[in-house]
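Taking this note's numbering, the leading residue of the sequence shown gets 1, the next gets one more, and so forth.
For glycine and all other residues, C-beta sits at the position ideal for the given N, C-alpha and C.
Fair warning: this is a prediction, and the values are worked out from it, not measured in the lab.
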Amino acid sequence: MKRIILILFVATSVHSITGQTEFDALRYIQPDINGTARYTSMAGAFGALGADPSAIKDNPAGLGIYRSSEISGSFSSLTQNATSNWMSNPASDGLYKLGVNNFTFVLSSPVSGSGNSGLLRSNWSFSYNRIKDFNRNVKINGGYNSKSSVTDYMGYFTGNTNGESLYETNTYNPYNNTSVSWLSVIAANSGLVKEYIDSQTNNTLYWTSFLDDGETVAPSYYLNERGYLNDYAFSWSGNFQNRLFLGATVNLYDINYRSDTEYAESFEKGGNISLKNVLKLTGSGIGLKLGTIYAPLDHIRFGFAIQTPVIFKINDIHYADLNYYFTSSSNGVIYTPEGTDEYKVQSPLVFNVSSSYIFGKKGVIGVEYVNSQNAGTRLMNIENNTNGLGAANDSINALFNSQHTLKIGGEYKVNDNFSLRAGYAFTSAATSKNLGKEMNVNTTRTDVEYFIHNGTNYLTAGFGYRESKWYVDLAIMNKIVNESFSPYNSGKLGSNLQVNPASILNSNLNIVATIGFKL
1 MKRIILILFV ATSVHSITGQ TEFDALRYIQ PDINGTARYT SMAGAFGALG ADPSAIKDNP
61 AGLGIYRSSE ISGSFSSLTQ NATSNWMSNP ASDGLYKLGV NNFTFVLSSP VSGSGNSGLL
121 RSNWSFSYNR IKDFNRNVKI NGGYNSKSSV TDYMGYFTGN TNGESLYETN TYNPYNNTSV
181 SWLSVIAANS GLVKEYIDSQ TNNTLYWTSF LDDGETVAPS YYLNERGYLN DYAFSWSGNF
241 QNRLFLGATV NLYDINYRSD TEYAESFEKG GNISLKNVLK LTGSGIGLKL GTIYAPLDHI
301 RFGFAIQTPV IFKINDIHYA DLNYYFTSSS NGVIYTPEGT DEYKVQSPLV FNVSSSYIFG
361 KKGVIGVEYV NSQNAGTRLM NIENNTNGLG AANDSINALF NSQHTLKIGG EYKVNDNFSL
421 RAGYAFTSAA TSKNLGKEMN VNTTRTDVEY FIHNGTNYLT AGFGYRESKW YVDLAIMNKI
481 VNESFSPYNS GKLGSNLQVN PASILNSNLN IVATIGFKL
């Protein structure tokens, strides 16, 4: 009820405040390996092989390899576990879920009158693909001896903002003031920060934490993420004399994401706080992929594909609850209203080069390299310009890495029906380790924590069984993501208040099953 009242009170004021950071852009551009069981078991090294539903999403020319029409679907079982270590304190959490990876319909038709020259086949497909799965739980425990507190960051961030613009009264609601941040509002009204005023000018000099100098805290953090990035693809590919394959795909993207977080601190001299943040996102995007495969010999293929920048349109809703307890007479809960943002993200240019070698009827080996030009990512407002987002985009340009993914996979045919597969892939760090979260001075967001991606490894294996009119494949993939976690950007504080980041190892064990039918 309290939040509803706040929403009604400030409904006309929050739409103009920008809250996006570089880390919002990272959520959509990170590459991943997800798809059919055959594709998954070979670590996605299908750029030059083709003739697989998930190969089409990487290189649409792979659609041209098909010699017959087919329909297929893939289902997955995810077991996620995250282990953390923060200031020598371990913790772990995880989840289990079922899902649908993809569904594809391929229509393959010969071109009449083409003979053995020119365009031999013209193939079309429609597919649904789960590009990214955001589901995970993470628990982090910082122990009992941290000399830095989020209240120190709140004090720094509030700067010299005048206290009268932050304190809520019967006649003034600071959430209506688009010049101040909601983080500063909840910090001031809870008493977590103290204001220092120039006695002569009566101007605010600065804000600091309410904690005593040297007082330690016991921090902890919990993250619950849910959601997906889906792709609906319409593709065409042509087979020219069984040597050259050209393809194009129009991709429509659907985003749904939610995170529930809680950052808590217990104070050495008594009292505690708990800051809970909820972020809900929905969005859509459109993109184009172009690809080619060239086979100079029957057993050798080379592939190249390019994905043009995708424009994602994002709508988000976010709000926070701050619980604080100092004494039995000094405690409470502060509810922010729901803030809303509408913005766009331009993803980077992505290209891949690949090759494959076919060992007659005994097996194949595929190798693929993917390059994502992350520094080309841009945050934009709904009018397609970067007004108010210059600092975030400058940080992206300076600290986002050109990201590299290497995939290697192989398949061995035990007999005409049964195949064994295995693969490995590695994705390099998405950003520089020097990246820190930059909050806008008037932001409505209060989620100050952030994760830095340090690299991802994929270990894969599987098998398949094929008959003339149907096939079944099974794969297992262990995706291991190395990350660092910071509760806030302590680099903005004094050297005595620096926080060493926590190390996070995410293990995602995927079991994928695919069934397909030749038409």
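- In the three-state reduction of the DSSP assignment, N101 falls in the strand class, which pools E and B.
- Assigned with DSSP and collapsed to three states, M87 falls in coil, not helix or strand.
- Between the C-alpha atoms of S209 and D152 there is a straight-line separation of about 5 Å.
- The secondary-structure analysis by DSSP pairs G285 across a beta bridge with Y253 and F312.
- Secondary structure at G64: helix, using DSSP grouped into helix, strand and coil.
- When beta bridges are read from the DSSP output, I29 appears opposite no residue.
- Counting only the Cα atoms, N454 lies some 27 Å from T282.
- Under the criterion of beta carbons closer than 8 Å, Y343 and N397 do not qualify as touching, at roughly 18 Å.
- When C-alpha distances from V481 are compared across F426, N489 and P174, the shortest belongs to F426.
- The continuous alpha helix (DSSP H) containing L183 extends over residues W182 to S190.
- In this structure, the beta-carbon distance from G291 to F302 does not fall below 9 Å.
- By the Cβ test, the segment 206-220 is in contact with the segment 144-162, since at least three Cβ pairs between them sit closer than 8 Å.
- With respect to L509, L78 sits close: the two C-beta atoms are nearer than 9 Å.
- Scanning its chain for C-beta atoms nearer than 8 Å, with the 5 sequence neighbours on each side dropped, one finds around N116 the residues Q241, in chain order.
- The segment 118-202 is shown to contain whole beta strand (DSSP E) runs of 3 or more residues at 119-133, 136-141 and 193-197, in chain order.
- Taken through DSSP and simplified to helix, strand or coil, E22 comes out as helix.
- Proximity of the segment 316-331 to the segment 349-365 falls short of the contact definition, fewer than three beta-carbon pairs being nearer than 8 Å.
- Between G143 and N101, the C-beta gap is not smaller than 9 Å, which leaves the two residues out of contact.
- Using a 10 angstroms sphere on the CB of Y232, the tally of other CB atoms stays under 16, which defines it as exposed.
- Taking a cut-off of 8 Å for Cβ pairs, the segment 63-74 and the segment 22-31 do not touch, as fewer than three such pairs fall below it.
- For A61, the closest of A45, L98, S468 and N239 by C-alpha to C-alpha distance is N239.
- Closest option to E265, judged by alpha-carbon separation, among N141, Y167, S179 and I300: N141.
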